[in-house]
Amino acid sequence: MSDHLKRLNAPKSWHVARKTEKFITRTSPGPHNANAMPVAVWLRDHMHFASNMKEVKQILVQKDVIINGKPCRNPRMGIGIFDIISIPRINKHYRILRDKRGRHKTIEIDAESAKSRLAKIRNKTIVPGGKVQLNLRFGANVLADNTYKPGDSVVISLEPENRFAILDHFPFAVGNMAMVIGGKHSGIVARIVGIEVVPGSVPNRVILEDQESRARFETIDDYIYMVGREQPALTEWGIEE
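For reference, each letter of the sequence shown is one residue, going 515 to 755 in the working numbering.
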């Protein structure tokens, strides 16, 4: 497979100019879905830290880009929602979110906020020894007890001495706060008021209520990302409706 794709065919979530050049960097296989944005595109087209791929590679080879606590060397590595990107050389830290049009949005955060990240539990498995392993949406795996469930979100540490330790837990449950990360309601933070389990392979339905207008709407559970319990962690996570 080619390392590039035509800009006209780039995912809309990347929000890049489509007629400036013919090709753009393709995302390499990784933990995020096909709409994940390559680091090269983020550095060059979004943040303008580089003007071409040569400069992108120079930045990465110097280990100047830290993603979720680990240096990134692959310009095609995909980044997705709630990833934490740090650039120690200029003392800048960022969180990746989605706006209401489903596009990648970069929020600048402080150094303290960059020490942890929010992660959705994709599923869990039993590993040798009978321990429970949480498989997180961005590709990491964490050993934990059996109280955590798929669909829940956990706050995990990104500090080297305590990497991926669970710091907090937001259950996927009625009454808790969630952010919609896909579909026509993308970017909205609302309270879950109902969960409809649908038999078979069809995604479950989630009913949410906007806290300002009190209007209710539905989405599928794949688009739900838990961000709080009684109140959303808006200040801590940089989430903006």
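Don't be surprised by glycine CBs; every beta carbon is placed ideally from N, CA and C.
In this structure the segment 634-653 does not touch the segment 602-613; the number of beta carbon pairs closer than 8 Å is below three. For R651, the closest alpha carbon among the candidates R636, K663, A658, L657 is that of R636.
Around the beta carbon of S727, a 10 Å sphere encloses fewer than 16 other beta carbons of the protein chains shown; the residue is thus reported as exposed.
Taking the Cα positions, T661 is about 12 Å away from F686.
Close CB contacts of H607 within its chain, under the 8 Å cut and outside five residues either way in sequence, are with I598, I599, S600, I601, E622, I623, D624, A625, S627, A628 (chain order). Check the Cα spacing between I670 and each of G697, L632, T539: the tightest is with L632. In terms of CA proximity to N649, F678 leads the group S630, G594, F678, P674. Rounded to whole angstroms, the gap between the alpha carbons of Q572 and I709 is 48 Å. Of all alpha-carbon atoms in G697, A704, G616, the one lying nearest the alpha-carbon of Q745 is that of A704.
In the three-state reduction of the DSSP assignment, Y737 falls in the helix class. I734 places its beta carbon less than 7 Å from that of P717. Under the three-state reduction of DSSP, D682 is assigned to strand. Within the segment 640-722, complete beta strand (DSSP E) segments of at least 3 residues are found at 645-650, 655-658, 667-671, 680-684, 691-694, 703-710, given in chain order.
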